[in-house]
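**Student:**
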Amino acid sequence: MYSELETLKLAVVDDELGIRLGVSSILADMTMDIPDVGCRIRLQVSSWADGESFVGSLDSNVPQIVLLDSKLPGIGGMEILEGTLSKRPDVVTIMITAYATLESAVRATKLGAYDFLAKPFTPEELRVTVRKAIHHHVLAAQARRLMEEKRTVRFQFISVLAHELKSPINAVDGYLDLIRNRMLGDELASYDGMIERSSLRIAGMRKLINDLLDLTRIESGQRIRNPEPLVLEDLARAALEGQENAAREQGIRIDLTAEPGLSIHADRMEMEMIFNNLVSNAVKYNRPGGTVQVTLSRREDQVEVQVTDTGWGMSAEETARLFSDFVRIKNEHTRDIPGSGLGLSLVKKLSSLYGGSVEVESEPGVGSCFRVRLPFQLSSAGIGGAVLKETDHG
């Protein structure tokens, strides 16, 4: 399926009227599908008899593709290429010439010309050359968009990272300054609270850094997986045990219900990330004295991991952005809860990696229910064959 028809502007600059009319006629009804990016292109053709008028039009009407005669009265094609068009690298230039030499071709290429069209040329030669130019322009434009998105994401990444690390670093620095200056006297026990809070802040920073490393490895495809048969109940019990202390401090009860014999062929560390993040969130965002219910079941050809809590719940607007990177739901009940904002993003990415899915139902003041569904039996060939080959080769 292609998006709506997109129009590219093509300018033909040639002092021969026959060339201008012929090119305009041949390309007038031309359309082109670009399967690489799922778009369909049509051309809007304009023509110019001399270089001066063409250059003058560029302030208000810049074409994406230019058919430029190398020999023009007044400002020549090479001068236009070297001067005006060299400052517009997004314009794809095709030189039209009847006097092509190796020297002129090399020079034009160095100045940024994409291709050449030797006079006289046939309609098919024109179409083939223009199609290549369209394809080049569309892919180059997409690459620029992706690069810009990458720069934006990198900036956001650094900004969020700096923000998330600045607060705990300042807190630890403040505690150390108080301790260094013996603000509470010389009795070491007086500083136990500060030391404990500093340790918690450092643990939070370590968790953020580890989550970032996990996210980077998963998204880059560089993490080597070691698939093995895993019993889901064992993974769930390990995650619950890891949250026992945090749950006990808040008076939260955790229950596990599991159908017997549920297993999956997967990487242990990645499955532990899914379970640990789901259970940890259910405890952290719960009410004092609340409950967490973990249920493992089979749904036809899938296993379902369901984690339900009696926490503060979320609105539909909040759940819509919950699985994005660095998203943390902050309201009057949750703003002081520490976290990287990456846990549920990791859950979603890992679930998708295994051909599964994750969803959430939540109601403010009632609680939330997360469901992860994964294929019941994954063979090693089904979870990233290229990465697994690296494992096989040691």
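Heads up: the sequence shown at position 311 corresponds to 332 in the working numbering, and the numbers run straight through without jumps. Just so it is clear, CB atoms sit at the ideal spot from N, CA and C, and this is done for glycine as well.
Could you compute how far the alpha carbon of lysine 228 sits from the alpha carbon of serine 219?
**Tutor:** When rounded, the distance between both Cα atoms is 14 Å.
**Student:** If I'm right that glycine 96 touches glycine 133 with Cβ under 8 Å, what's the distance once you round it to whole angstroms?
**Tutor:** The identity of residue 96 in the sequence shown is isoleucine, whereas the question assumes glycine. Not really, about 17 Å apart at Cβ, beyond 8 Å.
**Student:** Would you check if the segment 55 to 68 and the segment 102 to 119 touch, i.e. whether three or more CB-CB distances between them fall below 8 Å?
**Tutor:** No: the two stretches stay apart, fewer than three of their Cβ pairs being nearer than 8 Å.
**Student:** Nearest-angstrom Cα distance between glutamate 411 and arginine 246?
**Tutor:** With a pLDDT of 31 at glutamate 411, under the threshold of 50, the modelled position of that residue is not reliable, and no figure is offered here.
**Student:** Do you know how far the Cα of leucine 374 is from the Cα of asparagine 231?
**Tutor:** Looking at the two C-alpha atoms, the distance is approximately 19 Å.
**Student:** What three-state label does DSSP hand proline 144 in the structure shown?
**Tutor:** DSSP places proline 144 in helix when its eight states are reduced to three.
**Student:** Per DSSP, what kind of secondary structure is proline 281 in: helix, strand or coil?
**Tutor:** In the structure shown, proline 281 sits in coil (DSSP, three-state: anything other than H, G, I, E or B).
**Student:** Could you give the DSSP three-state label for glutamate 35: helix, strand or coil?
**Tutor:** Before going on, a small fix: residue 35 reads as aspartate here, not glutamate. Three-state result, aspartate 35: coil.
**Student:** For a test of the three-state rule: what should DSSP assign to lysine 92, helix, strand or coil?
**Tutor:** If DSSP states are grouped into helix, strand and coil, lysine 92 belongs with coil.
**Student:** Please report the distance separating the alpha-carbon of lysine 30 from that of alanine 119.
**Tutor:** So the two alpha carbons sit approximately 24 Å from each other.
**Student:** Would DSSP call valine 324 helix, strand or coil?
**Tutor:** In the structure shown, valine 324 sits in a strand (DSSP, three-state: E or B).
**Student:** For isoleucine 55, which residues of its own chain have a beta-carbon under 7 Å away from its beta-carbon, when the five flanking residues on both sides are left out?
**Tutor:** Excluding residues within five positions, the ones whose Cβ falls inside 7 Å are Ile62, His156 and Val159.
**Student:** Would you check if the segment 381 to 399 and the segment 327 to 339 touch, i.e. whether three or more CB-CB distances between them fall below 8 Å?
**Tutor:** Contact holds: three or more Cβ-Cβ distances are below 8 Å.
**Student:** Let me make sure I understand the geometry here. Which of Lys153, Asp322 and Val326 has the alpha-carbon closest to that of valine 313?
**Tutor:** Closest by alpha carbon: Val326.
**Student:** Should alanine 407 go down as buried or exposed, given a rule of 16 or more other Cβ atoms within 10 Å for buried?
**Tutor:** Residue confidence is low: alanine 407 scores 27 on pLDDT, short of 50, so the model does not pin down where it sits. Its coordinate-derived value is still stated next. So alanine 407 counts as exposed.
**Student:** Expressed to the nearest angstrom, what Euclidean distance is found between the alpha-carbon atoms of aspartate 36 and valine 127?
**Tutor:** Approximately 24 Å, taken between the alpha carbons.
**Student:** Using the three-state DSSP reduction, which class does alanine 402 fall into: helix, strand or coil?
**Tutor:** Confidence at alanine 402 is low in this model, with a pLDDT of 38, below 50, so the placement of that residue is unreliable and no value is reported for it.
**Student:** Using three-state DSSP, classify valine 87 as helix, strand or coil.
**Tutor:** Strand.
**Student:** Contact defined as beta carbons within less than 8 Å: I believe proline 84 pairs with alanine 162. What is the distance between those atoms, to the nearest angstrom?
**Tutor:** At roughly 13 Å, the Cβ-Cβ gap does not stay under 8 Å, so proline 84 and alanine 162 are not in contact.
**Student:** Using 8 Å as the threshold, is the segment 337 to 345 in touch with the segment 291 to 309, meaning 3 or more CB pairs across them?
**Tutor:** Flag = no, the segment 337 to 345 and the segment 291 to 309 do not touch.
**Student:** Check whether the Cβ atoms of valine 368 and leucine 299 lie closer than 8 Å to each other.
**Tutor:** Yes, Cβ-Cβ distance for valine 368 and leucine 299 is below 8 Å.
**Student:** Do arginine 289 and phenylalanine 397 come within 8 Å of each other at the CB atom, strictly closer than that value?
**Tutor:** Contact flag unset, no.
**Student:** Within a Cβ cutoff of 7 Å, which residues of the same chain sit near valine 76, ignoring the five residues on either side of it in sequence?
**Tutor:** Ile96, Ile101 and Thr105, listed in sequence order.
**Student:** With 16 other CB atoms within 10 Å as the buried threshold, where does isoleucine 404 fall?
**Tutor:** Because isoleucine 404 sits at a pLDDT of 39, beneath the cut-off of 50, its placement in the model cannot be relied upon, and the following sentence gives the value as read from the coordinates. That one is buried.
**Student:** Which residue's Cα is closest to the Cα of arginine 41: Asp50, Val66 and Glu27?
**Tutor:** If we check each option's Cα against that of arginine 41, Val66 comes out closest.
**Student:** Run through the DSSP bridge pairs and tell me what arginine 392 is partnered with.
**Tutor:** Per DSSP, Gln327 and Glu380.
**Student:** Measuring straight from C-alpha to C-alpha, what distance separates serine 400 and valine 324?
**Tutor:** Only weak support is given to the placement of serine 400: the predicted model assigns it a pLDDT of 39, under 50, and the value that follows is read from those uncertain coordinates. Their Cα atoms are separated by approximately 15 Å.
**Student:** Going by the beta-carbon positions, is the gap between proline 189 and methionine 226 smaller than 8 Å?
**Tutor:** Closer than 8 Å, so yes.
**Student:** For a test of the three-state rule: what should DSSP assign to isoleucine 445, helix, strand or coil?
**Tutor:** There is no way to answer for residue 445, as the model of the chain reaches only from 22 to 415.
**Student:** Could you tell me whether any Cβ in chain C is nearer than 8 Å to the Cβ of arginine 148?
**Tutor:** Looking at the structure shown, chain C is missing, and only one protein chain is on hand.
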